[in-house]
Each structure stands twice: as structure tokens, then as C-alpha cells.
Amino acid sequence: MCGIIGITSARGNVVPLVLEGLRRLEYRGYDSVGVALAGGGGLTIKKAAGRIDDFVRTSGVARLSASTCIGHTRWATHGPPTNVNAHPHTDCSGRVAVVHNGVIRNYASLREELEGRGHRIVSDTDTELVAHLIEEGLSGGLGFLDALARALSRLEGSYALAIIHSREPDRIYFARMRSPLILGLGEGANAVASDIPAVLTVTRRVVVIADGELGWISPWEARLYKLTGNGGYMEVPLEEVEARVKLVEWTPEAASKAGYPHYMIKEIYEQPQAVLDTFNGAVEEEDVERAAEVLASASKILVVGAGTSFHAGLVFTYFASRLAGVMTLPIVASEHKVYTPIVDENTVVVAVSQSGETYDTLESVREWAERGATIIGVTNVVGSSLDRESNITLYIRSGPEIGVAATKTYLSQIILLELLAVRLGEVMGALGRSEASRLLESLSRAPEVTRKAITAMEPLAKADARGDVGGSMYILGRGLGYFLAKEASLKVKEIAYMHAEAYPAGESKHGPIALVTRGFRVYILATSDSPEVAGNAIEMAARGGDVVVVKPSDLSLELGVKARVLDAPPTGGDLVLEPFSLIPYFQLYSYHAAVFRGYDPDKPRNLAKTVTVE
Ligand code: AGP
Numbered sequence: 373m374c375g376i377i378g379i380t381s382a383r384g385n386v387v388p389l390v391l392e393g394l395r396r397l398e399y400r401g402y403d404s405v406g407v408a409l410a411g412g413g414g415l416t417i418k419k420a421a422g423r424i425d426d427f428v429r430t431s432g433v434a435r436l437s438a439s440t441c442i443g444h445t446r447w448a449t450h451g452p453p454t455n456v457n458a459h460p461h462t463d464c465s466g467r468v469a470v471v472h473n474g475v476i477r478n479y480a481s482l483r484e485e486l487e488g489r490g491h492r493i494v495s496d497t498d499t500e501l502v503a504h505l506i507e508e509g510l511s512g513g514l515g516f517l518d519a520l521a522r523a524l525s526r527l528e529g530s531y532a533l534a535i536i537h538s539r540e541p542d543r544i545y546f547a548r549m550r551s552p553l554i555l556g557l558g559e560g561a562n563a564v565a566s567d568i569p570a571v572l573t574v575t576r577r578v579v580v581i582a583d584g585e586l587g588w589i590s591p592w593e594a595r596l597y598k599l600t601g602n603g604g605y606m607e608v609p610l611e612e613v614e615a616r617v618k619l620v621e622w623t624p625e626a627a628s629k630a631g632y633p634h635y636m637i638k639e640i641y642e643q644p645q646a647v648l649d650t651f652n653g654a655v656e657e658e659d660v661e662r663a664a665e666v667l668a669s670a671s672k673i674l675v676v677g678a679g680t681s682f683h684a685g686l687v688f689t690y691f692a693s694r695l696a697g698v699m700t701l702p703i704v705a706s707e708h709k710v711y712t713p714i715v716d717e718n719t720v721v722v723a724v725s726q727s728g729e730t731y732d733t734l735e736s737v738r739e740w741a742e743r744g745a746t747i748i749g750v751t752n753v754v755g756s757s758l759d760r761e762s763n764i765t766l767y768i769r770s771g772p773e774i775g776v777a778a779t780k781t782y783l784s785q786i787i788l789l790e791l792l793a794v795r796l797g798e799v800m801g802a803l804g805r806s807e808a809s810r811l812l813e814s815l816s817r818a819p820e821v822t823r824k825a826i827t828a829m830e831p832l833a834k835a836d837a838r839g840d841v842g843g844s845m846y847i848l849g850r851g852l853g854y855f856l857a858k859e860a861s862l863k864v865k866e867i868a869y870m871h872a873e874a875y876p877a878g879e880s881k882h883g884p885i886a887l888v889t890r891g892f893r894v895y896i897l898a899t900s901d902s903p904e905v906a907g908n909a910i911e912m913a914a915r916g917g918d919v920v921v922v923k924p925s926d927l928s929l930e931l932g933v934k935a936r937v938l939d940a941p942p943t944g945g946d947l948v949l950e951p952f953s954l955i956p957y958f959q960l961y962s963y964h965a966a967v968f969r970g971y972d973p974d975k976p977r978n979l980a981k982t983v984t985v986e
């Protein structure tokens, strides 16, 4: 998964803006980086393996100036992260430069074909083939757009492309198929990029490019077309393009670190506001009501997502059952095929994805929509693929989340999904008006509980993170606590690189307790629906486990053993508040453990913010 950007401007040097955009895209991939500039009758290319700060320091790119420039930050799929494999890639003539996010599945046969016709393919990448295919169209006398459309007709797989041509130095061509791509339409400057934060230095007027669309931008113009097959295309009327313009609320500051050392800690501290904005945005939202009514009439409800979004979906499953008496089936997106046979026109899918671009989640939605399912999307990005492919979209309003770890988007998903469960309970008649009102009042306190949790738990989390020497740990919970433990363990794994296993506390005595010996860390994530979890703490402590109980301060547990108790903010037994009270400790523990060990919490190894490949 990679990040691409292109800016063309009549307002001066765009190279610094492209480099800033690449910094905001680095969470999408960061094993190599590069830029291509148009001007002086040719193209200038600078690229290297490694991260952008090293690239800027060593390549001389910061001394370059151009009015049209494309850039790329890479998460290697085809070919190791080397200078040669870094994007941009060019054709034989060096007149066409391409940056790409996606995977061309028929790469091998295309490469063989092109080399058979004499092309010199110098890298291991699938992307370079696109430049050579365009070159063939140009050499055959086609205009650039025709050559591009012809090249696209040969590609199988996914792509978001930005392309420059030395003979049209003020244009950037683009195309999209199943990899995110947006346009930024400014005044005398236009941009194309993988996502919104990268273009905020140019404009906040954004158009989301749809699959099968292509076009070009210059400083004063933007043209959009739709592929019609076999290299053909038709123009999208300008008035339709204009109608698709959205003014994003995000500001450049929102997409910057704003003085924090890392995006992750900034976004942890932004959680109270994100939860508040999401709640305020949703509590009067008709779409939430509509979604509840659709769910109430479903014969089956599938809840699908990946990673943290899947964990948020589990919390919906919990409250749909507890508050509405409705059964839902939570499904890990990559396992969706197992359940396709049970999907029909009476099935409703709740698809959770903060980016709205996760490949597995989108494939689930597409496969099930083809079988007649109704899709309710829950996402943070207006205009994302999930947004566009859902029958109803419920937006979290957490602002751009740049850190690879999902933090503020997770708690924002929780508040939205809990609200949906309350509305569902009302529609189902399981919740009376007074009970529903009481629950809404509880939910309105979630931002404050979150703020208190961050403030109270950070010193504890930081001390624990610095004190722990690594190794494995269990994070045990029962009921809601188990679903929260799954998210807690993911954070510890992906950010602190420590093996943390979430497990149902009651199940741990059926085998896993065998691992518990003296000093083995066992977190007990205790929620008020399961005070019996105290028994599990006692069992673990009796075997020498280093037991740490994280619980709301007003939840009393009969522990009676040597166990450290971390009191998170009180919740008055309100389960809907307990994710906001208990999760921040684990987010902060993961962050401080990473920093203490010298890892970069914003760019954890092997990970990308959004997994747009299979
Ligand atoms: C969570 O910290 C990870 N970044 C990852 O598991 C993420 O939640 C997952 O890839 C799903 O992303 P999405 O919400 O954009 O679909």
C-alpha cells in the first residue's frame, strides 16, 4: 500500500508542497520515496530507498523547483525496497513518469510481452510497465489520454496513478481502479493524491475519483473521463464534476502533529473531541434512525471489518444483543467468503472501516451487495469507497487519523455504534423512552470519561511500559471486557511489538493458563457486566502470574490476592461508558512502550495505515 501525490500550480514552486504531502502520506508506506518534476523540456527524477526525511537531507531534492511535480512513498509489494524499485518509474524514452498505488495482477505476462517488443524494463515493479504501455500508445501516434486509456485496458488489478509527460509540463494525468484517489481543486493550483490530508496545503475542495475514471489536471483546469472499455472513454460533464466537489472540514493543522512528538499521541489526546464530534453529529442524524429501522427488519445482520474496526464491530454485536435483543454475526473481513452462502436480500451488513478503503472489507461489501444485501457503512472518510458503495453511511467525525494505530477512530466508532444499538433497541421496543434517554445521557458523558481516562492513566501506563521487559502477556476479559481486550492486545502487538494475547477469561483455564508461571504478565480488563472475572485474577495470581487488573474505579471486585489494581474513571456501572474508561490505558501503554524502546509509533514495522491490497 503506497501514497501518491501530484501538484501542478501557476503560483510557484510546488516541490515543497509535494514533499509535505508525502510526509502526510508516509503512514501509507515508507520504505522508499521519490519525485518527478516536469520542466525545461524534460523530466527530473529523484528517488531512493528509505524514509522521506533522509531523502530530503541527502538527495538535493529540496533545492529543486518546478510548477508540476508528482511524488510517491512506497510500501513494497513487487520488488524489494531499493533505489531502482522506488517510484517514479519511466518508459524507455524517459518522457513519461508514473507513480502508482495498487497491484497489477497480470504483471508477469505484461512484462514478458513488453520485453518481447524490445522494452528495457529496469525495475522489479509492476508500476514501470504502465509507463512502457503508455509509451507504446504515444509511439503509435495516440494522444496522451488515448495512450493512457489504452494502457489501462491492459491492466488487471488495482491502481491509483499519477503521470507526467515531458511534452505537457503543466499537466498531471491520473486514473483510478480500486485504490483510493482524490483531486484537490484550488485557485491556480490543482492536486491529485491518495487521500485528503496530502492536498490540504493546496485546497480543501476535494473530488473523490471513482473506479474506472481517468483524467488530467493543470493549474487552472481539471478534466474527468470514464472508461468505456477497450481503450475507450467518455468525458464526465464539468457540471457533474463540480457537483461532486466537497469542502472538507479538515485543516492543514489537523493533518499535522501540531507540536506533539508523534501523530499517535496527538490522536490519543484528540479522542475526547473526536468522541464528542461524532456523538453530536450522530445523535440527531436521520441516517442513524434509518439504519436502525433497516436493521430491525433484517432477517440476518452481519457485522464486518478488519483489525480495530472489527473490534469496534464486536462492541456493536455486544450492545445490539444487550440493548436491543438482536442477534448479529461479527465477521473478520478477510474471512467473509465463509458466510457468503447465507447472504440474501434480507441480510443487512454493518461494514466498519475508518478509511473506507480496506480491501477485505470492500470485497465483503461488494460480494454481499451482489447477493442483495443492504449495506450500512461506518466510516471516517466522506467519499471513500465504502461511503460510495453503502446504502446508508454513518460517519464518525474524528478528523484525519494519520498514525498507523487506530485510536481516536476506534472510540469514535464505539460511540456511534453504541448509539446505533440504542436506536435499534428503541425501534425493536426493547428500550422504553426513559431507558433510551438515560442511555443517551450516559453516552453524552463519554467525552469526559475519555478525557479523565487519558489524564489519569498516562502516568501509570508510561511507568508500566518502561518497567516491562517485553515477553508475552495475556489480556483477559469477560463479556464486554473480552471484546475490549482484543483491541488492547492489538495495540500492544502492533505498536510495542510485544506478544499480547486477548482471551476470554473464563476460557483461559481450559488450557492457556498452562503458560502462566512466575512473573508472567496477566492483565484483567474488568467490566461491570462480569465481576466474576475476579476469580480468574485469583487463579492467575495463584500460579505466580503478575496480575494487573484494569477496572472502573467504582467497580468493586473480590480480589483478595496480590494483584495490582489500576483504577480507571468511574462509570456508575454504565457499560456504554466502559470502553472510554478502560481502553486509553492500553493505547498509552503501547505508545510509551514503543517510544521507550526506540520504535516509531507512527510507522510501526511491516504495517500500513490502510491495507488496500488483498
Ligand atoms: C489498527 O490499529 C490498525 N491500524 C489496523 O488494524 C486497522 O484497524 C485495519 O487495517 C482496518 O482499517 P480500516 O478501519 O481503515 O478499515
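Per my numbering, the sequence shown starts with residue 373, numbered consecutively.
Glycine included, C-beta positions come from ideal geometry on N, C-alpha and C.
{"Item": "Cα-Cα separation, valine 617 to arginine 576", "Value": "10 Å"}
{"Item": "Contact set for glycine 851: own chain, Cβ-Cβ below 8 Å, skip 5 residues either direction", "Value": "Tyr690, Thr899, Asp901, Ser902"}
{"Item": "Unbroken beta strand (DSSP E) run spanning aspartate 918, endpoints", "Value": "918-924"}
{"Item": "Glutamate 1047 - DSSP class collapsed to helix/strand/coil", "Value": "Given a span of 373 to 986 for the chain in the structure shown, any question on residue 1047 remains unanswerable."}
{"Item": "Residues bridged to phenylalanine 546 [DSSP beta-bridge criterion]", "Value": "Ala534, Gly587"}
{"Item": "Close beta carbons around arginine 817, own chain, < 7 Å, minus the five adjacent residues each side", "Value": "Leu949"}
{"Item": "Boundaries (first-last residue) of the beta strand (DSSP E) holding threonine 416", "Value": "414-421"}
{"Item": "Tyrosine 605 - containing beta strand (DSSP E), residue span", "Value": "604-607"}
{"Item": "Residue ranges of each beta strand (DSSP E) within the segment 716-790, 3 or longer", "Value": "719-724, 746-751, 764-767"}
{"Item": "Selection from Tyr854, Gln785, Glu656 that minimises the alpha carbon distance to phenylalanine 688", "Value": "Gln785"}
{"Item": "Glutamate 585 Cβ short of 8 Å to the ligand AGP heavy atom set", "Value": "no"}
{"Item": "Closest residue to aspartate 732 among Thr982, Asp426, Pro388, Val468 (Cα-Cα distance)", "Value": "Thr982"}
{"Item": "Proximity of glycine 560 and arginine 435 at Cβ, strictly below 9 Å", "Value": "no"}
{"Item": "The segment 691-704 in contact with the segment 632-640 per 3-pair CB rule at 8 Å", "Value": "no"}
{"Item": "Local Cβ density within 10 Å of leucine 801, reported as buried at 16 or more and exposed below that", "Value": "Note that residue 801 corresponds to glycine in the displayed sequence, not to leucine. Exposed: under 16 other Cβ atoms inside 10 Å."}
{"Item": "Under 9 Å between C-beta atoms of threonine 680 and threonine 781", "Value": "yes"}
{"Item": "C-alpha distance - proline 956 paired with valine 864, whole-angstrom precision", "Value": "12 Å"}
{"Item": "Range covered by the beta strand (DSSP E) that runs through alanine 565", "Value": "561-565"}
{"Item": "Three-state class that DSSP yields for lysine 865 in the structure shown", "Value": "helix"}
{"Item": "For glycine 755, the nearest candidate out of Glu729, Ala741, Glu742 (CA to CA)", "Value": "Glu729"}
{"Item": "Among Arg795, Gln726, Leu938, Pro831, nearest to arginine 769 - alpha-carbon criterion", "Value": "Gln726"}
{"Item": "Bridge partners - histidine 444, DSSP secondary structure assignment", "Value": "Ile376, Gly406"}
{"Item": "Start-to-end residues for the alpha helix (DSSP H) that takes in aspartate 939", "Value": "Element bounds for aspartate 939: not the alpha helix (DSSP H) but the beta strand (DSSP E), 936-940."}
{"Item": "C-alpha gap between threonine 889 and glycine 917, whole angstroms", "Value": "6 Å"}
{"Item": "Test item: CB-CB of alanine 421 and proline 453 under 9 Å", "Value": "yes"}
{"Item": "Span of the alpha helix (DSSP H), counted from its first residue to its last, around isoleucine 424", "Value": "424-431"}
{"Item": "Inter-residue spacing [alpha-carbon to alpha-carbon] between glycine 878 and serine 431", "Value": "57 Å"}
{"Item": "Bridge partners - glycine 462, DSSP secondary structure assignment", "Value": "A small correction: the amino acid at residue 462 is threonine; glycine does not occupy that position in the sequence shown. DSSP output for threonine 462 lists Ala469 as bridge partner(s)."}
{"Item": "Any non-hydrogen atom of the ligand AGP closer than 8 Å to glycine 677 Cβ", "Value": "yes"}
{"Item": "Sequence-distant residues of the same chain with beta carbon closer than 7 Å to serine 437, five excluded per side", "Value": "Asn385, Val387"}
{"Item": "Backbone secondary structure at proline 453 - three-state DSSP", "Value": "coil"}
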